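One structure below.
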Amino acid sequence: MTTIDWDAAAGSFDEEPDHGLLDPAVRDAWAGRLESWLPATRGDVLDLGCGTGSLSLLAAGQGHRVTAVDRSPGMAELARAKLAGTGAEVLVGDAGLPPVGQRAFDVILARHVVWLLPDPAAALAHWFGLLKPGGRLVLIEGVWGGVGLSAARVTALLAPHTERVHHEDLAGDARLWGKEVDDERYALVARAEPRHRHTEVVDVHLILRRGPDVLLARRADTGYADGLLHMPSGHAEDGEDVREAMIREAAEEIGVVLDPDEVRVALVMQHRGPGGGARMGWFFVAEYDAEHPPRNAEPEKCSELDWFLQGS
Numbered sequence: 000m001t002t003i004d005w006d007a008a009a010g011s012f013d014e015e016p017d018h019g020l021l022d023p024a025v026r027d028a029w030a031g032r033l034e035s036w037l038p039a040t041r042g043d044v045l046d047l048g049c050g051t052g053s054l055s056l057l058a059a060g061q062g063h064r065v066t067a068v069d070r071s072p073g074m075a076e077l078a079r080a081k082l083a084g085t086g087a088e089v090l091v092g093d094a095g096l097p098p099v100g101q102r103a104f105d106v107i108l109a110r111h112v113v114w115l116l117p118d119p120a121a122a123l124a125h126w127f128g129l130l131k132p133g134g135r136l137v138l139i140e141g142v143w144g145g146v147g148l149s150a151a152r153v154t155a156l157l158a159p160h161t162e163r164v165h166h167e168d169l170a171g172d173a174r175l176w177g178k179e180v181d182d183e184r185y186a187l188v189a190r191a192e193p194r195h196r197h198t199e200v201v202d203v204h205l206i207l208r209r210g211p212d213v214l215l216a217r218r219a220d221t222g223y224a225d226g227l228l229h230m231p232s233g234h235a236e237d238g239e240d241v242r243e244a245m246i247r248e249a250a251e252e253i254g255v256v257l258d259p260d261e262v263r264v265a266l267v268m269q270h271r272g273p274g275g276g277a278r279m280g281w282f283f284v285a286e287y288d289a290e291h292p293p294r295n296a297e298p299e300k301c302s303e304l305d306w307f308l309q310g311s
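Heads up, the sequence shown is in numbering that gives the first Met the number 0, so the first residue is 0 and it goes up one at a time.
This is the structure:
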């Protein structure tokens, strides 16, 4: 565990581009990522190790109810000032055991916190216990100059608690850091509990249109139709509404946050999966929004993402 005097660091903390988000380009980059990680509908967000409250401010600005926790009174004081008027609550306390009583949250957000904890495994177990059913844990971590935790290590710590962990590489997006970086930086989004698919698998597919073009992705390292082009797609979880499943999969796979009113059903059909079992496929149509362009949010599963002329 690394020990840092965070009260002493508080006064200059926001000078780092990714801490204070003072540069509009850096702030917009984090706002876009955060929007893709948080629920599309208003939720209760617990920001642990909130620092001066920069990510809490973005979450509150996106309509969420925010509770922010930091063990440093100096950091918490700056966060309260930054979050004034948003309705957010700022508490002083240990991120590993946040002082929130029996409250439950839709999202627990922690940026550059897990690597500092004396017992990360125990903290993660406790955090999962604070999530509502179907809630999510959003962890932003990395390895900097020999310190930190790798994505593989944190994913292993999450394994006892969930079957669904979405990995997103952040090192390649210089806008997030205000500079080019060459170390490991990533986000992990983990569901609150193991989820199991329906006995009959329900597929959801997105036909994202840009004029005459449609968005297609090329599978890689999935064990199913690798190398072939397909629409952004996934599976509905047990008890999940198919439209909500499509919205979730679009955010996870291509980083596009869709409003339910923007998505319409184009086709429903039964087909057979690779093992010959029956599947039900739901195909949804949505239109391209230039302000929220798609990106390859799952490079470990997708080797190419591009627009293709429909019918070509």
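Think of the CB as a built atom: it goes at the ideal place given N, C-alpha and C, for glycine as much as any other residue. All of these numbers come straight from a predicted model, not from anything done at the bench.
Alpha carbon of residue i to alpha carbon of residue j, nearest angstrom
i	j	result
V180	D172	8 Å
A219	G100	44 Å
G52	H160	28 Å
R70	W114	15 Å
A83	E290	29 Å
R271	F282	15 Å
D4	T85	28 Å
H197	G238	Any answer about H197 is weak, because its pLDDT of 48 lies below 50 and its placement is not dependable; what the coordinates show is given next. Those two C-alpha atoms are separated by around 8 Å.
V284	E261	8 Å
R102	M279	38 Å
F104	V203	27 Å
R32	L304	18 Å
P298	G10	38 Å
D6	A87	21 Å
L123	L205	33 Å
D168	G144	18 Å
R96	A150	According to the sequence as given, residue 96 is Leu; it is not Arg. Their backbone Cα atoms lie some 23 Å apart in a straight line.
D312	R294	For residue 312 there is no data in the structure shown, the boundaries of the chain being 0 and 311.
A58	H125	22 Å
A121	E140	17 Å
T154	L227	28 Å
L257	V267	20 Å
E34	V255	9 Å
L148	H166	14 Å
D43	W36	13 Å
Q309	R217	16 Å
D253	D240	Here the sequence assigns Ile to residue 253, which means Asp is not the residue at that position. For I253 and D240, the distance between alpha carbons rounds to 20 Å.
F127	A170	26 Å
E248	P119	28 Å
R163	H18	28 Å
P72	L136	25 Å
Range of the contiguous beta strand (DSSP E) that encloses residue i
i	result
V201	V200 to R209
A216	D212 to R218
A296	Unbroken run through A296: none, as it is neither H nor E.
A289	Segment: none, A289 is in no beta strand (DSSP E) and carries neither H nor E.
V267	R263 to R271
Beta-carbon gap between residue i and residue j smaller than 8 Å
i	j	result
H229	L215	yes
A235	A244	yes
C49	V68	yes
I246	A39	yes
W29	L54	yes
R209	W306	yes
R41	G62	yes
V142	D182	yes
A75	V91	yes
P132	A191	yes
G134	V106	yes
D13	L21	yes
P16	G177	yes
A186	L156	no
L47	L130	no
R242	P259	yes
Coarse secondary structure for residue i, derived from DSSP in three states
i	result
E248	helix
D46	strand
E236	strand
R278	strand
D225	coil
D4	coil
R190	strand
D260	helix
Residue range of the alpha helix (DSSP H) that includes residue i
i	result
L54	S53 to G60
S35	P23 to W36
H341	Since the first residue of the chain shown is 0 and the last is 311, residue 341 is not available in this structure.
D13	Per DSSP, D13 belongs to no alpha helix (DSSP H) and is neither H nor E.
is_contact[residue i, chain B] using C-beta, thresh 8 Å
i	result
L308	Any reference to chain B falls outside this structure, which holds one protein chain only.
Exercise. Which full runs of the alpha helix (DSSP H) of 4+ residues lie inside the stretch 146 to 188, going along the chain?
Worked result: 150 to 157
Problem set entry | Completely contained alpha helix (DSSP H) runs for the stretch 78 to 160, where each covers 4 or more residues | 119 to 128 and 150 to 157
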